[in-house]
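Engineer: This is the structure I want to talk about, given as structure tokens.
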Amino acid sequence: MCVRARVRLRLRAARRLQFPIATLLGRLHAKKVITPEQAADFEATLLPHQRTTSADGLSILARSLAEHNLFVASERYDNIRLSRLAAFCGLTPAMTERMLGSMISEGRLNGSIDQVDGFVEFT
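In this text, residue positions in the sequence shown follow my numbering: the first is 87, and each later residue adds one.
Right under this line is the structure:
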């Protein structure tokens, strides 16, 4: 690759980092945890009609990012306490259990929830 092409690639990469969506998409693609601060930074760029909330009180963005964080947790942990997983995702334990239950029953996530001991086991 010639020097000119390398410089052009670096300039494009630097220009991309100026947009809040670039860092968020990079973290999503790399399967990294999305923190509430990163989500808030991105949500600030959304228009009012893009911030709709569902019946459970979560915005569509918050639900998607919480599900992403659950996928990330399933790759990092074999088992984890439900309360710890809820803190990891920025949700309440009840909401985390509900979200996990629907993801497992829909086949989007492999695992089981031990409601007695409060553990989640990923397979």
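Don't be surprised by glycine CBs; every beta carbon is placed ideally from N, CA and C. Computed from a predicted model, the values in this text were never measured in an experiment.
Is it the case that the region 165–175 contacts the region 121–137, given that we only count it when at least three CB pairs across the two stretches are under 8 Å?
Structural biologist: Contact between the region 121–137 and the region 165–175 is absent, because fewer than three Cβ pairs lie under 8 Å.
Engineer: Is it right to say Ser188 is buried, meaning 16 or more other beta carbons lie within 10 angstroms of its own, or is it exposed?
Structural biologist: Taking the first residue of the sequence shown as 1, we reach residue 188 at position 102. Burial call: exposed.
Engineer: What number of angstroms, rounded off, separates the C-alpha of Cys88 from the C-alpha of Arg96?
Structural biologist: By one-based count along the sequence shown, residue 88 stands at place 2. By one-based count along the sequence shown, residue 96 stands at place 10. C-alpha separation (whole angstroms): 13 Å.
Engineer: Just to confirm, is the Cβ distance from Thr209 to Gly197 under 8 Å?
Structural biologist: Here residue 209 refers to the residue found at position 123 of the sequence shown. Here residue 197 refers to the residue found at position 111 of the sequence shown. Yes. Within cutoff.
Engineer: Cα separation between Leu151 and Phe157?
Structural biologist: Your numbering for residue 151 matches position 65 in the sequence shown. Your numbering for residue 157 matches position 71 in the sequence shown. Looking at the two C-alpha atoms, the distance is approximately 10 Å.
Engineer: Alpha carbon to alpha carbon, how far is Ala108 from Val119?
Structural biologist: Working through the sequence shown from its first residue, we reach residue 108 at position 22. Working through the sequence shown from its first residue, we reach residue 119 at position 33. Ala108 and Val119: Cα-Cα distance of roughly 15 Å.
Engineer: Can you tell me whether Leu110 sits near the ligand ZN, meaning its C-beta is under 7 Å from at least one heavy atom of the ligand?
Structural biologist: Looking at this structure, you won't find the ligand ZN or any other ligand, since it has none at all.
Engineer: Could you check what DSSP says for Thr121 in three-state terms: helix, strand or coil?
Structural biologist: Numbered from 1 along the sequence shown, position 35 holds the residue referred to as residue 121. The answer is coil: DSSP assigns Thr121 none of H, G, I, E or B.
Engineer: Starting from Arg167, trace the beta strand (DSSP E) in both directions and tell me its first and last residue.
Structural biologist: On the sequence shown, residue 167 is found 81 positions in, with the first residue counted as 1. Per DSSP, Arg167 belongs to the beta strand (DSSP E) from 165–167.
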